[in-house]
């Protein structure tokens, strides 16, 4: 019975690893169930799925899919978080949770079929999201245009003031 369950779990891990563009590997030790629930709730907003898995199953799945040596990243309990879309959102959620809970450590990320260490996860969390980058591009594109419009507005305002002064002088001269 146990081997059938392990086979099903192994196939599920392999399927998720093959289907997801990236997978975050984190370790935790002796969490209360409520804390693990909080983590899963925060990750459910940005990730597609999170699984607590056994070391042997992770090793076997990585070996079967030829994804690299995962052994250095397996300590204590292992949580694998799968995602699609923007990887920064998941890495930010994981890093923020790790700051609040010292027993939770982001270990690695499988990104573009390569394993990267904890430093890569933290660097990924520090990157701005796609939305933030698009906002920065729009602001930078808008800035020169706004400056040009303001310059034209000042020239027109100066011209209007000059015409008004000429009008006043002519009115004074006529009276």
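In the working numbering, the protein residues as written are 2 to 176. Don't be surprised by glycine CBs; every beta carbon is placed ideally from N, CA and C.
- Three or more pairs of CB atoms, one per stretch, sit closer than 8 Å, so the region 26 to 41 contacts the region 63 to 77.
- Classified as exposed, residue 162 has fewer than 16 neighbouring CB atoms from the shown chains inside 10 Å of its CB.
- Cβ contact annotation for residue 118 (same chain, cutoff 8 Å, sequence separation greater than five): 74, 108, 109, in chain order.
- Look at residue 66 here: in three-state DSSP terms it is coil, with no helix or strand label.
- Closest option to residue 53, judged by alpha-carbon separation, among 10, 111, 67: 10.
- Every alpha helix (DSSP H) of 4 residues or more that sits fully in the region 83 to 114 is shown, in chain order, as 88 to 101.
- In this chain, residue 40 is not harboured by any beta strand (DSSP E); it is covered by the alpha helix (DSSP H) spanning 34 to 45.
- Apart from the 5 residues on each side of it in sequence, residue 72 sits with its Cβ closer than 7 Å to the Cβ of 60 in its chain, given in chain order.
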